[in-house]
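Here the structure is laid out as structure tokens; the discussion comes afterwards.
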Amino acid sequence: MTKIEIKKRETELIEMTGTFCSEKLNANYAQLSVKLIKKMGRKHDVPFKRGKLEIWAAAVVYTIGSINFLFDKSFEPFILATDISDYFDTKNTSVSQKAASIKKMFNLTIYDDEFATDQMEANDPFKDMVMVDGFIMKLSKMPAEIQEQVKKERAAGREVQFFTADEDED
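If you read the sequence shown in the working numbering, its first letter stands for residue 3, the second for the next number, and so on.
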């Protein structure tokens, strides 16, 4: 498959997920779907160059949804996993298997920094935590300069830990 054909499939996927997200979810899910599709499109072996686009589109939405509690009634927006497969006229098992392969491909988990919705980022219980000498501590209890350093590093996509020096090590 040529690069032009791959780009065409990528564009079609973006259109399909965008339409679904505008009808059933929100702009944040649409944006994250585009981001994931483009990331897949940059892989050396582009995964969506094979297979039905409907399954790939459903799997992209399913992937983003599964790491952001989309299928949990206590969250907004909420839909059933089968709503996605029904919309794209695909089998839920095919979609969930493809989504699992996408999650594995990019090591995606709940509270993923790159693909978390705005709501998930705002409610992330770990954003006010930092490791000090192997212990989890509240960032808000740390000195202001440490808080700023952590925020700066996290904004750059890096996680930090702190270690206190042993008094015996002089």
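Ideal Cβ positions, reconstructed from N, Cα and C, are used throughout, including at glycine.
- Fully contained in the region 29-112 are the following alpha helix (DSSP H) runs of length 4 or more, in chain order: 29-43, 55-68, 83-89, 94-108.
- CA-to-CA, the gap between residue 107 and residue 96 works out to about 16 Å.
- For residue 140, DSSP records a beta bridge to 131.
- Contact between the region 140-154 and the region 51-67 is absent: fewer than 3 CB-CB pairs across the two stretches fall below 8 Å.
- Between the alpha carbons of residue 82 and residue 119 lies a gap of roughly 18 Å.
- Take the alpha-carbon of residue 80 and the one of residue 73: they are about 6 Å apart.
- With contacts defined by Cβ atoms closer than 8 Å, residue 86 and residue 60 form a contacting pair.
- A contact between stretches requires three or more CB pairs, one per stretch, nearer than 8 Å, and the region 35-50 fails this requirement with the region 119-129.
- In this structure, the CA atom of residue 30 is about 15 Å from the CA atom of residue 18.
- If you draw a 10 Å sphere on the C-beta of residue 11, you find 16 or more other C-beta atoms in it, and that means buried.
- Between residue 70 and residue 84, the beta carbon gap of about 18 Å keeps them out of contact (Cβ cut-off 8 Å).
- Per DSSP, reduced to three states, the secondary structure at residue 117 is coil, with no helix or strand assignment.
- Under the 10 Å beta carbon count, residue 67 is surrounded by 16 or more other beta carbons and is classified as buried.
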